[in-house]
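Chains as they are written, first to last, in the numbering used here: chain A, 18 to 658; chain B, 448 to 821. From the three backbone atoms N, C-alpha and C, an ideal C-beta is built for every residue, glycine too.
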Amino acid sequence: MSHDRNAVRISAAVIILAFLVAVLRLWQLQVIEGRDMRKASEGNRFRVIDIYAPRGIIYDRNGIPLVKNAPSFNVSVTPGMLKKGDLEDIAALLSLSPSDIEKKIQAAGGSLEPVTLKEGLGFDELAQVEARLSDFPALQVDMNIERDYIYKDVASHLIGYIGRLTAQEEEDPEYSDVPKGGSVGQWGIERLYDRQLRGVPGKKLIEVDATGREIKVVGEVPPKKGKDLTLALDINVQMAAEKKFSSSAGAFVAINPETGEILGFMSKPSFDPNAFVNGISSADWEKLADDKEHPMLDRVFQSQYPPGSTFKIITAIAALESGAIKPTDKLNGPATFLLGRHVFHDWKKGGHGMLDVEHAIIQSCDTFFYQVGLKTGIEEIAKYARAFGLGRKVKLGLGYEATGLVPDTAWKERVYKCAWYPGDTVSSSIGQSYVLVTPLQMARLVGAVGTGGKFMPRLSFVKLAPGQQPVLDPVGQPISSSTIDLVRTALQGVVNEADGTAYRSRSQLVSFSGKTGTAQTVNGGKRYDSWFVGYAPSDNPEIALAVMAEQTAEEGASAAAPVAKDVIEAYIKEKEGKLALGALLNGVSPEGALVNGTAKIINATAKTSRPLKGAAVNRMGTARPLERDTVRTGGMANANR
Amino acid sequence: MQIDRRHVHNFDWLLLGLVLLASFIGVLTIFSATRPLTGTSHHSSFYIKQLAWMLVGLIGMGVVVKIDYRQFGRFAWIFYAIGLLLLVFVLGMGRMGLGAQRWINLGGISFQPSEIFRLAYIIMLARYLSFLKPPIGVRDFLKMLPLLALLPFGLLVKQPDLGTATTLGMVFLFLCIARGMSKKLITALLLFGLVSGPFLFDIIWHGFLKGYQRDRIVAFMDPEVDPAGIGYNISQSKIAIGSGMVLGKGYLQGTQGPLRFLPENHTDFIFSGFAEEWGLAGCLVLLAIYLAILLRALDTARQAKDDFGALLAMGLTFMFAFYFFFNIGMAMGMLPVVGIPLPFMSYGGTAVFSNYIAVGLLINVRLRRFELFY
Chain A
18 MSHDRNAVRI SAAVIILAFL VAVLRLWQLQ VIEGRDMRKA SEGNRFRVID IYAPRGIIYD
78 RNGIPLVKNA PSFNVSVTPG MLKKGDLEDI AALLSLSPSD IEKKIQAAGG SLEPVTLKEG
138 LGFDELAQVE ARLSDFPALQ VDMNIERDYI YKDVASHLIG YIGRLTAQEE EDPEYSDVPK
198 GGSVGQWGIE RLYDRQLRGV PGKKLIEVDA TGREIKVVGE VPPKKGKDLT LALDINVQMA
258 AEKKFSSSAG AFVAINPETG EILGFMSKPS FDPNAFVNGI SSADWEKLAD DKEHPMLDRV
318 FQSQYPPGST FKIITAIAAL ESGAIKPTDK LNGPATFLLG RHVFHDWKKG GHGMLDVEHA
378 IIQSCDTFFY QVGLKTGIEE IAKYARAFGL GRKVKLGLGY EATGLVPDTA WKERVYKCAW
438 YPGDTVSSSI GQSYVLVTPL QMARLVGAVG TGGKFMPRLS FVKLAPGQQP VLDPVGQPIS
498 SSTIDLVRTA LQGVVNEADG TAYRSRSQLV SFSGKTGTAQ TVNGGKRYDS WFVGYAPSDN
558 PEIALAVMAE QTAEEGASAA APVAKDVIEA YIKEKEGKLA LGALLNGVSP EGALVNGTAK
618 IINATAKTSR PLKGAAVNRM GTARPLERDT VRTGGMANAN R
Chain B
448 MQIDRRHVHN FDWLLLGLVL LASFIGVLTI FSATRPLTGT SHHSSFYIKQ LAWMLVGLIG
508 MGVVVKIDYR QFGRFAWIFY AIGLLLLVFV LGMGRMGLGA QRWINLGGIS FQPSEIFRLA
568 YIIMLARYLS FLKPPIGVRD FLKMLPLLAL LPFGLLVKQP DLGTATTLGM VFLFLCIARG
628 MSKKLITALL LFGLVSGPFL FDIIWHGFLK GYQRDRIVAF MDPEVDPAGI GYNISQSKIA
688 IGSGMVLGKG YLQGTQGPLR FLPENHTDFI FSGFAEEWGL AGCLVLLAIY LAILLRALDT
748 ARQAKDDFGA LLAMGLTFMF AFYFFFNIGM AMGMLPVVGI PLPFMSYGGT AVFSNYIAVG
808 LLINVRLRRF ELFY
C-alpha cells in the first residue's frame with residue numbers, strides 16, 4: 018500500500034496548497050479590495066432619486082391658468098435584466114422596432130441604468146404596458162409631471178415652452194440643480210422666468226433591490242415647488258385678437274401705456290408649445306423650420322416692417338414741434354404730388370382738397386404729408402421718431418430683437434454712400450422708403466402719445482403688484498401739450514369721424530383712437546402690410562395696441578382695425594364686468610356698482626363734445642358716479658336694464 | 448438490531464461533527480439568504496426543507512454505515528448500471544430546469560439522478576482500480592476508457608450537467624494517478640494532451656458546449672466586459688464576498704442576496720452570502736472546517752485496510768475537494784461559472800442526501816479499518 022500512502026500525502030499537500038490559494042484570494046477580495054467592494058455593494062443598494070419639484074403655474078392677469086402640470090408616463094427598460102426574446106416582445110408591445118430599442122440601449126452604454134424607450138404614453142398604451150409589466154421584470158413605467166399648455170398655440174411666442182436640458186445646459190452652472198434629463202424653460206416666459214418657475218427638486222435616498230424596486234426610503238429632502246407667476250397678459254384680450262385676426266401672418270401686441278404691462282401678445286403663424294415638452298420629433302421640427310411663413314419667428318419684435326401711414330403720427334408731431342406748420346395751416350391734398358419729375362400718389366384717387374393737419378391725419382392724406390415732410394426735413398422727423406423709441410431695441414429679454422430703422426442723411430451716407438434726396442424725405446414722411454419698425458415699438462409709441470407724450474413705461478411681462486410703481490422712461494424730446502392734444506384729437510377722429518380711415522371699426526362701447534396704415538413692400542411680389550396702432554379709451558388710455566397683418570391685398574383700415582376694435586371691446590367689457598362684480602363683493606348695492614362700472618362707458622360713448630377731457634373720470638379708470646338717470650348700459654351692465 | 452460496541456467506539460464522530468457543523472452553518476446562511484425583503488412577506492421555507500433533507504440524509508447514512516462497504520464494492524456494477532440507466536432516463540424524460548434537463552420527478556419529489564450517479568460512479572471506479580495491479584499501463588487505461596469515462600461523461604455533458612461531468616472527470620484522472628500510472632501512460636497522456644488539446648478544445652467548444660455555457664466561460668475570462676450581462680453573477684458574487692471585509696456585515700445584515708443582486712444565493716452562490724455576512728474571519732473558520740473534513744477523509748484512505756476502501760475514500764475525498772474548490776473558486780471569480788453546489792451548505796435535497804451517503808461511506812471505511820477479513 019506504499020503507493021496509496023504516497024498518494025494520500027501528496028493529495029493532502031495539494032489540498033492544503035489549494036486552501037492557501039483560496040485564503041490569498043479571500044485576502045485580496047476582502048482586505049485589499051474590501052473597501053471598494055463595500056462601496057460597490059452600497060452603490061448597488063442605494064439610489065438617489067430626484068423628486069420632481071412642481072413647476073410654478075403661469076396665470077394670466079385675472080388668475081386664469083395658462084399652463085398646467087399634467088402627469089405623463091414613460092416606459093423604460095433595464096438592459097441587464099432582459100431575458101432572451103424579451104426584446105422582440107417589448108418592441109411589439111410598444112409598437113417600436115427591436116433594432117430601435119437596441120440602438121437606444123447601445124447609446125445609453127451601461128446596462129444597469131434604465132433606458133427610456135417611449136415617453137408620453139397614451140392611456141390605452143399605458144393600460145397595455147401595465148398589464149404586461151409582471152412578464153417583463155426589465156420593464157418599468159415612471160410618471161413624470163409634464164407641462165400642458167392649455168391654450169396651445171395662443172400666445173405661444175410669449176409663454177414659450179419647456180424642454181429637456183440640452184447638452185450645453187447640462188454644463189451650465191445655472192442648471193446645476195436640475196436632474197439629468199430634466200426639463201427647463203427653453204423659450205419665452207418659461208425661459209426668462211425659469212429660475213423662479215423651476216423650484217428646487219428634492220432628493221430621496223432609497224434602498225433598492227436588483228430590479229431597481231424601492232425597498233425602503235432611507236432619507237428624503239422634500240422638493241420646493243416653483244413660484245407661480247402672474248402675467249400681465251389678459252387671456253380674454255388675447256383671445257379676442259386670436260379670433261378676429263384673419264391674416265395668415267402678422268402680429269398683435271397690447272400694453273397698458275401707463276404701467277407698461279403687456280396685455281396681449283400674438284405672432285402669426287404660431288406653434289403649439291406642447292410639441293416641445295417631450296422633445297419635438299425631427300419631422301415636426303423640420304415642418305416648423307421649413308415653413309415659409311416661419312412660425313417660430315416672433316413678429317411682435319423680431320420682424321421689422323415699414324410703418325406706412327402710422328408713421329404720420331411722428332411726421333405730424335415733428336412738423337408741429339419744429340414749427341414747420343401751425344395747427345391751423347391748411348394745405349391742398351391733391352391726388353398726386355410732383356417733386357421734380359417724380360410723381361408721388363395719394364391713396365385716394367380724387368384727392369382730399371384743402372385740409373389742416375388734424376384732418377390730414379384723420380383722412381390719412383398722403384400728399385399733405387409729402388409737403389409737410391419736405392417742410393420739416395428728415396432730421397427733425399428722425400429726431401422725434403427716435404424720441405419715441407423707434408430705431409432702438411425695446412430690450413424685452415426674450416432674445417434677439419429687431420432694431421428697426423430711423424433713416425437720416427448721415428445714415429444714408431454711411432450705408433449707401435450717397436446723398437439723401439428730397440424724394441427720400443417725401444417717402445419717409447408717410448412711413449415708406451427706409452423706415453422700419455416693429456409692432457412692439459409702435460404699440461409703445463402710440464401708447465406714449467395717448468398718455469400725453471411725456472413718458473414711456475418700461476414694458477413688463479408680469480402683472481405689477483398693487484401699489485408697485487412702473488418704471489417710466491421720459492420721451493426723448495419735450496413735446497408741447499398743444500401738439501399732443503391735437504394729435505390725440507386727430508387719432509380719435511380717425512376712428513370716430515365719418516371721414517376717418519377706421520370709421521367702420523368704431524365701437525358703440527367705447528371711443529378709441531388710432532391710426533391706420535398700409536405699407537407697401539416689394540418682397541418677391543407686391544405686399545400690403547396692414548397696420549392699426551391705437552389706444553382706448555380715447556381720453557384716458559388704458560390699453561395701447563398695434564396690429565400688423567402681413568400680405569393682405571386689402572387696404573390697411575379693413576384688415577387690422579377690426580382686430581383692434583374687438584380687442585378693445587373685449588378689454589372694456591371685461592373691465593366693466595369685473596368692476597361690477599368687485600362692487601358686489603364689497604357689499605355695494607348692485608345699482609351703485611353698475612353706476613360705478615358703466616360710468617366710464619357713458620363718458621366714452623357720449624362723443625358729442627370732442628376732445629373729451631374725462632372730467633368725471635380719474636386716472637385709474639374708476640369713475641365717480643354720474644347722475645343715475647344718464648346710465649346707459651354696456652357689457653355686463655345689461656343685467657340692470 | 449444490535450449495535451456493535453466497537454462500532455460506536457470506532458465511529459468517526461469527528462467527521463460527522465464537522466459535516467453537521469458545515470450543514471448547520473449552511474442552514475443559517477440559507478435562512479439569511481432567503482429572508483424576505485420586508486417584514487410583511489413570509490420567510491420562504493428553504494431552510495426547513497434543508498433541515499428535513501439533512502434528517503433523511505442522516506438516516507441514509509446510518510443505513511450505509513451498517514452495511515460493510517465491501518458489500519457496496521461487490522455490487523458496484525449493479526449500482527453503476529442503475530446509475531447509467533437513470534442518466535439515460537433523465538435525458539428522455541427530464542424536465543426543464545435552468546435550461547438543463549437534470550431532474551426526475553417521482554410522485555411530487557424531484558431528484559437529480561446525476562447526484563446519485565456520482566456515488567455509484569466512484570464506487571465502481573474504486574472497485575475497478577482496486578483490481579488493477581499498479582502501475583496502470585496504457586492498455587489498462589484504454590480498456591477503462593469507454594465504459595468508465597466516455598459513456599458516463601458523454602451522458603452527463605449531454606444533459607447538460609457540465610459541473611458533475613467536470614468533477615467526475617477530475618476524480619477519474621486523479622484517482623488513476625493516485626493508483627499509480629506507468630511512465631509510458633504518463634508520457635502518452637501528456638503527448639496526447641499536447642497534440643490533441645487544441646482540437647479537443649475546438650470539439651468541446653463548438654460541439655458540446657451550449658451558448659450559455661460558452662458565455663459563462665467568456666464572462667469568466669473577462670467579467671468587466673459586461674458586468675450586467677453574462678459577467679453579472681461573477682461581479683456581484685465578488686462584490687458580496689469583498690464587501691464582507693474582515694469582520695463581515697453581520698448575520699442577517701447582508702444585502703447582496705436579499706436584494707437579489709446576487710442570484711442563486713442559497714444554492715450555488717451560498718459561499719458569497721456567507722462571506723458577505725461573516726467576512727474574512729468567518730471564511731477562515733469555514734475553510735478550516737472544510738480542510739479538516741478533507742484531511743480527515745484522506746486519513747480514512749490512509750488507514751483503510753484494503754485497496755478498495757482506500758481508493759473509495761480517496762475518490763470521495765477528491766469529489767468533495769473538487770466540489771468545494773470549484774464552488775468557492777467560481778464564487779471568488781477564479782473559475783468559470785459551472786453550476787456546482789457547495790457540499791453540505793448549498794440548498795438542494797438530492798445533493799444533501801447524496802453527500803450524507805458519501806460521508807456514510809467514508810465513516811464505513813474508517814469504522815472497519817481494524818476488522819479482519821472473514
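Pick out the complete beta strand (DSSP E) segments inside the segment 146-176 of chain A, 3 residues or longer, and give them in chain order.
Under the rule that a run must span 3 or more residues, the beta strand (DSSP E) segments found entirely inside the segment 146-176 of chain A read 156-166.
Please work out which residues of its chain come closer than 7 Å, Cβ to Cβ, to T538 of chain A, disregarding the five sequence neighbours upstream and downstream, and give them in chain order.
Take T538 of chain A, set aside five residues on each side of it, and the residues of its chain with a beta-carbon closer than 7 Å to its own are P323, R544, D546, in chain order.
Give every residue of the same chain whose Cβ lies closer than 7 Å to the Cβ of E224 of chain A, excluding the five residues on either side of it in the sequence, and list them in chain order.
If we look at E224 of chain A and ignore the five residues flanking it on each side, its Cβ neighbours are R62, F63, I232, K233, V235.
Looking only at DSSP bridge pairs, what is F458 of chain B linked to?
DSSP lists no bridge partner for F458 of chain B.
So, helix, strand or coil for M18 of chain A, using DSSP?
Its pLDDT being 46, under 50, M18 of chain A is placed unreliably in this model, and the value from its coordinates should be taken loosely. Here M18 of chain A sits in coil by DSSP.
Output yes if chain A places a C-beta closer than 8 Å to the C-beta of C623 of chain B; else output no.
Output row for C623 of chain B: interface = no.
Within the continuous beta strand (DSSP E) that includes S89 of chain A, where are the two ends?
Per DSSP, S89 of chain A belongs to the beta strand (DSSP E) from 84-94.
Could you tell me whether the segment 66-75 of chain A touches the segment 706-715 of chain B, where touching means 3 or more Cβ pairs closer than 8 Å?
Taking one beta carbon from each stretch, the segment 66-75 of chain A and the segment 706-715 of chain B have fewer than 3 pairs nearer than 8 Å; the two do not touch.
Should N61 of chain A be flagged as near chain B, meaning a C-beta pair shorter than 8 Å?
The C-beta of N61 of chain A comes closer than 8 Å to at least one C-beta of chain B.
Can you name the residues of chain A whose CB is closer than 9 Å to the CB of A768 of chain B?
Within chain A, the C-beta atoms nearer than 9 Å to that of A768 of chain B come from S28, V31, I32, A35, in chain order.
What do you get for P560 of chain B, buried or exposed, if any count of 16 or more other CB atoms within 10 angstroms of its CB means buried?
Result: buried.
Using a Cβ-Cβ cutoff of less than 6 Å, which residues in the same chain neighbour F293 of chain A once the five nearest sequence positions on both sides are dropped?
For F293 of chain A, the CB contacts under 6 Å within the same chain, skipping 5 residues up- and downstream, are Y178, G180 in chain order.
Cα separation between P783 of chain B and G807 of chain B?
If I take the Cα positions, the gap works out to 31 Å.
Could you tell me whether any Cβ in chain A is nearer than 8 Å to the Cβ of Q660 of chain B?
Closer than 8 Å: no.
Rounded to whole angstroms, what is the Cα-Cα separation between D363 of chain A and D383 of chain A?
Those two C-alpha atoms are separated by around 5 Å.
Can you tell me whether P96 of chain A is buried or exposed? The criterion is at least 16 other CB atoms within 10 Å of its CB, across all chains shown.
Around the beta-carbon of P96 of chain A, 16 or more other beta-carbon atoms lie within 10 Å, marking it buried.
Provide the residue span of the alpha helix (DSSP H) that contains G205 of chain A, from first to last.
Residue range 205-209 is occupied by the alpha helix (DSSP H) that includes G205 of chain A.
Can you give the Cα-Cα distance for L475 of chain B and S58 of chain A, rounded to whole angstroms?
Computed Cα separation, rounded: 22 Å.
Identify the continuous beta strand (DSSP E) that holds F708 of chain B and give its terminal residues.
Segment: none, F708 of chain B is in no beta strand (DSSP E) and carries neither H nor E.
Proximity test, Cβ basis, 8 Å: L745 of chain B and chain A:
So yes, L745 of chain B belongs to the interface.
Rounded to whole angstroms, what is the Cα-Cα separation between F817 of chain B and K752 of chain B?
F817 of chain B and K752 of chain B: Cα-Cα distance of roughly 7 Å.
Taking the beta carbon of V642 of chain B as the centre, do at least 16 other beta carbons fall within 10 Å, making it buried, or is it exposed?
Under this definition V642 of chain B is an exposed residue.
Just checking, does the segment 462-473 of chain A make contact with the segment 274-281 of chain A on the three C-beta pairs under 8 Å criterion?
Touching, per the Cβ criterion.
Cβ closer than 7 Å: which chain B residues qualify as neighbours of R149 of chain A?
Simply none; closest approach about 21 Å.
Counting only the same chain and skipping the five closest in sequence on each side, list residues whose C-beta sits under 6 Å from that of L407 of chain A.
Answer for L407 of chain A: G421, V423, V454, Q458, listed in chain order.
What is the rounded straight-line gap between the Cα of L134 of chain A and the Cα of I118 of chain A?
Roughly 7 Å separates the two Cα atoms.
Which word fits W652 of chain B, buried or exposed, when buried means at least 16 other C-beta atoms lie within 10 angstroms of its C-beta?
Label assigned to W652 of chain B: exposed.
Residues near S381 of chain A by beta carbon distance below 6 Å, same chain, minus five either side
So the qualifying residues of the chain are S326, T518.
Quick one: using the 10 Å Cβ neighbour count with 16 as the cut-off for buried, is C730 of chain B buried or exposed?
Burial check for C730 of chain B: the Cβ neighbour count within 10 Å reaches 16 or more, so the residue is buried.
Cβ shell of E396 of chain A (< 8 Å), same chain only, five flanking positions each side left out:
Setting aside the 5 residues that flank it on each side, E396 of chain A is surrounded in the same chain by D425, T426, each with a C-beta closer than 8 Å to its C-beta; the list follows chain order.
Cβ of G51 of chain A within 8 Å of any chain B Cβ
Closer than 8 Å: yes.
Straight-line CA distance for D516 of chain A to V463 of chain A?
Answer to the nearest angstrom: the Cα atoms are 21 Å apart.
Under 8 Å between C-beta atoms, does V65 of chain A make it to chain B?
By this cut-off, V65 of chain A is not an interface position.
State the Cα-Cα distance for the pair L694 of chain B and D754 of chain B, rounded to the nearest angstrom.
Counting only the Cα atoms, D754 of chain B lies some 45 Å from L694 of chain B.
Let me check understanding here. Comparing Cα to Cα, which of A:P131, A:N603, A:I27 lies closest to L742 of chain B?
If we check each option's Cα against that of L742 of chain B, A:I27 comes out closest.
Should L99 of chain A go down as buried or exposed, given a rule of 16 or more other Cβ atoms within 10 Å for buried?
It is buried - the Cβ of L99 of chain A has at least 16 other Cβ atoms within 10 Å.
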